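Asker: Structure incoming, see below.
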Amino acid sequence: MFTLEKFQEASKIVKEATNETKLMYSQYLSDATGNEVYLKPENLQKTGAYKLRGAYYKISTLSDEERKKGLIAASAGNHAQGVAYAARQYGVKATIVMPVTTPLIKVNRTKALGAEVVLYGNIYDEACNHAYKLASEHGYTFIHPFDDETVATGQGTIMMEIYEELKDVDIVLVPIGGGGLATGISSAAKLLNPNIKVIGVEPAGAPSLKAALEAGGPTPLDKVSTIADGTAVRTIGSVVFPYLKENLDNVITVTDEELVATFLDVVENHKMVAENSGLLAVAAAKHLDVKGKKVVSIVSGGNMDVDTMATEIEHGLIMRNRVFAVTVVLSDNPGALAKLTNLIAEQKGNVVNIEHIHHLATGSADSVRVNITLKSFGTEHKEQIIKALCDEGYKVEETRAIL
7 MFTLEKFQEA SKIVKEATNE TKLMYSQYLS DATGNEVYLK PENLQKTGAY KLRGAYYKIS
67 TLSDEERKKG LIAASAGNHA QGVAYAARQY GVKATIVMPV TTPLIKVNRT KALGAEVVLY
127 GNIYDEACNH AYKLASEHGY TFIHPFDDET VATGQGTIMM EIYEELKDVD IVLVPIGGGG
187 LATGISSAAK LLNPNIKVIG VEPAGAPSLK AALEAGGPTP LDKVSTIADG TAVRTIGSVV
247 FPYLKENLDN VITVTDEELV ATFLDVVENH KMVAENSGLL AVAAAKHLDV KGKKVVSIVS
307 GGNMDVDTMA TEIEHGLIMR NRVFAVTVVL SDNPGALAKL TNLIAEQKGN VVNIEHIHHL
367 ATGSADSVRV NITLKSFGTE HKEQIIKALC DEGYKVEETR AIL
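Letter by letter, the sequence shown follows residues 7 to 409 of the working numbering.
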């Protein structure tokens with residue numbers, strides 16, 4: 007099904023609806039990995055994700071009759087916005103079934119694009135089954151988010167653009183949920199230059215492709231548990247699986263903890279917001295065991311609501327020891343607390359929260375327990391503060407930090 011001519015045709019068509027997302031050189035990742043690393047910022051698309059490409063191209067290939075029936079799709083958010091945007095461009099109705107766990111920003115933006123949103127199920131697979139049921143009942147034309155060769159062709163236009171800018175690219179890192187993006191990218195890459203290595207990246211809590219490769223075909227995961235909601239898919243697409251098996255050079259997984267750290271990296275070093283699924287390929291750049299290669303990480307989406315951002319930042323700061331908490335036992339005398347906080351200030355620690363607790367037993371009638379949450383510059387500074395407290399004779403116990 008995939009030909010260079012098809013990818014070229016799709017590239018012309020998707021330009022009608024997409025923003026230009028030029029490669030961004032990452033000095034931070036290049037220094038950290040010993041490679042020449044670039045980001046393909048699909049989080050800067052009109053709908054905040056690459057999904058617009060596949061949806062728009064697929065709908066462009068439908069007949070007028072198929073479009074007039076109305077369109078329906080199941081999506082964790084980004085495909086939803088792509089279909090809604092394309093449907094609005096073609097002046098047709100779109101119904102989107104989304105898991106109830108979909109971030110509010112994705113739900114609201116889909117509605118704002120004129121689509122009817124139906125919330126159903128906790129994960130994509132449950133929403134998809136319900137969308138098929140509605141399509142059957144109402145005669146809607148179903149637009150699959152990933153298990154469709156035409157949709158995958160639209161996603162492959164990303165690779166065409168990467169190659170146009172960086173013809174000597176060595177490695178492309180691509181996120182995997184259902185497999186449509188990776189199918190389009192890897193198929194286009196092998197047509198352009200068989201020596202380009204394409205590596206798929208899955209969340210450790212939803213490795214549907216790894217499971218399929220081990221089983222010899224698509225097989226449902228027993229459970230899915232990941233903060234990367236856009237790639238929380240139980241079963242890899244059956245249509246795209248053969249292409250992934252043939253064209254991907256490797257598949258790696260990334261943990262939720264890595265995604266949290268990568269979120270802060272991208273915000274601080276690149277001044278961009280990317281959603282957790284969109285960060286998979288960025289986090290994976292540090293997994294490569296090669297040096298001196300030209301690497302492109304596809305930042306597939308950036309639709310993250312502010313509540314999730316706040317949680318991510320909190321966890322990221324705690325993971326990096328830039329926020330930590332300690333319990334200190336001190337004498338129950340006037341000025342004792344002031345002495346403690348002055349010592350922390352001398353070490354340039356910043357007190358975020360403090361609890362002076364009289365009623366908790368310390369083993370001594372004339373002492374009290376103080377819980378303190380602090381900000382530091384990182385692990386070394388945190389250890390410096392704790393050492394200074396211990397050197398002054400305080401009994402210090404590290405506890406769980408909560409912002």
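Note that CB positions come from ideal geometry on N, CA and C, so glycine has one too. Quantities reported herein were computed from a predicted structural model and do not represent experimental measurements.
Tell me the rounded alpha-carbon separation between V374 and V335.
Answerer: Within the sequence shown, numbered from 1, the residue matching residue 374 stands at position 368. Within the sequence shown, numbered from 1, the residue matching residue 335 stands at position 329. Cα to Cα, the separation comes out at about 6 Å.
Asker: Does DSSP put I9 in a helix, a strand or coil?
Answerer: Here residue 9 is taken as the residue at index 3 of the sequence shown, counted from 1. Correcting the residue type first, residue 9 is Thr in the shown sequence and not Ile. T9: coil per DSSP, three-state reduction.
Asker: Could you give the DSSP three-state label for M30: helix, strand or coil?
Answerer: Against the sequence shown, residue 30 aligns to sequence position 24. Strand, per DSSP.
Asker: Measure how close the beta-carbons of A210 and L227 come, nearest whole angstrom, since I'm counting them as under 8 Å.
Answerer: Along the sequence shown, read from residue 1 onward, the residue named residue 210 stands at position 204. Along the sequence shown, read from residue 1 onward, the residue named residue 227 stands at position 221. In fact, because the Cβ distance is near 12 Å, the residues do not count as touching under 8 Å.
Asker: Take A90 as the anchor and find which of N114, T67 and T107 has the nearest alpha-carbon.
Answerer: On the sequence shown, position 84 is the one that residue 90 refers to. Comparing Cα-Cα distances from A90 to each of N114, T67 and T107, the minimum goes to N114.
Asker: Kindly confirm or deny that the segment 51-60 and the segment 75-93 touch, where touching means at least three C-beta pairs closer than 8 Å.
Answerer: The segment 51-60 is in contact with the segment 75-93.
Asker: How is S306 classed by DSSP in three states: helix, strand or coil?
Answerer: To locate residue 306, count along the sequence shown from 1; it is residue 300. It is coil, neither helix nor strand.
Asker: If we ignore side chains and look at the alpha-carbon of each, how far apart do F13 and T379 end up?
Answerer: Translated into the one-based positions of the sequence shown, residue 13 becomes position 7. Translated into the one-based positions of the sequence shown, residue 379 becomes position 373. Cα to Cα, the separation comes out at about 54 Å.
Asker: What are the boundary residues of the alpha helix (DSSP H) that H321 is part of?
Answerer: The residue given as residue 321 occupies position 315 in the sequence shown. Taken as a continuous stretch (DSSP letters only), the alpha helix (DSSP H) holding H321 covers V312 to M325.
Asker: For L110, count the other beta carbons within 10 Å of its own beta carbon; 16 or more makes it buried, fewer makes it exposed. Which is it?
Answerer: The count along the sequence shown starts at 1 and reaches residue 110 at position 104. Result: exposed.
Asker: With H, G and I counted as helix, E and B as strand and the rest as coil, what does DSSP make of F383?
Answerer: Start at 1 with the first residue of the sequence shown, and residue 383 comes out as number 377. Coil.
Asker: Tell me, please, which residues DSSP counts as bridged to M104.
Answerer: Taking the first residue of the sequence shown as position 1, residue 104 is located at position 98. Per DSSP, L125.
Asker: So what does DSSP say about S142, is it helix, strand or coil?
Answerer: Taking the first residue of the sequence shown as 1, we reach residue 142 at position 136. Residue state, collapsed to three classes: helix.
Asker: With DSSP as the reference, label L119 as helix, strand or coil.
Answerer: Counted from its first residue, the sequence shown places residue 119 at position 113. Three-state result, L119: coil.
Asker: Tell whether a beta-carbon distance below 8 Å holds between V207 and L286.
Answerer: Working through the sequence shown from its first residue, we reach residue 207 at position 201. Working through the sequence shown from its first residue, we reach residue 286 at position 280. In this structure, L286 lies closer than 8 Å to V207 by Cβ.
Asker: With distance defined between alpha-carbon atoms, name the residue in E389, N359, T268 and D372 nearest to N339.
Answerer: To locate residue 339, count along the sequence shown from 1; it is residue 333. The shortest C-alpha separation from N339 is found at D372.
Asker: From this set, L250, E252 and V260, which residue's C-alpha is nearest A238's C-alpha?
Answerer: Position 232 of the sequence shown holds residue 238. Answer by Cα proximity: V260.
Asker: Span of the alpha helix (DSSP H) holding Y169?
Answerer: What you label residue 169 is simply residue 163 of the sequence shown in a count that begins at 1. Start and end: T163 to E171.
Asker: In this structure, how does DSSP classify T405 when only helix, strand and coil are distinguished?
Answerer: Against the sequence shown, residue 405 aligns to sequence position 399. Here T405 sits in strand by DSSP.
Asker: When DSSP labels each residue in this structure, what does P181 get in the three-state scheme?
Answerer: Here residue 181 is taken as the residue at index 175 of the sequence shown, counted from 1. Reduced to three states, the DSSP call for P181 is strand.
Asker: For G355 and chain C, any beta-carbon pair shorter than 8 Å?
Answerer: Considering every chain present, this structure includes no chain C. It has just one protein chain.
Asker: Looking at the structure shown, is V426 part of a helix, part of a strand, or coil, going by DSSP?
Answerer: What the structure shows of the chain is the stretch from 7 to 409, and residue 426 is not part of that stretch, so it cannot be assessed.
Asker: With DSSP as the reference, label S214 as helix, strand or coil.
Answerer: Here the question's residue 214 lines up with position 208 in the sequence shown. Reduced to three states, the DSSP call for S214 is helix.
Asker: Hey, N309 and K52: beta-carbon distance below 8 Å or not?
Answerer: Working through the sequence shown from its first residue, we reach residue 309 at position 303. Working through the sequence shown from its first residue, we reach residue 52 at position 46. Cβ atoms of N309 and K52: not closer than 8 Å.
Asker: May I have the straight-line CA-CA distance separating E22 from D154, to the nearest angstrom?
Answerer: Reading the sequence shown from its first residue, position 16 is the one you call residue 22. Reading the sequence shown from its first residue, position 148 is the one you call residue 154. Near 21 Å, if we compare the C-alpha coordinates of D154 and E22.
Asker: Closest to E122 by C-alpha separation, out of E132, D131, L187 and Q87, would be which residue?
Answerer: The residue labelled residue 122 in the question sits at position 116 within the sequence shown. It is Q87 whose Cα lies nearest to the Cα of E122.
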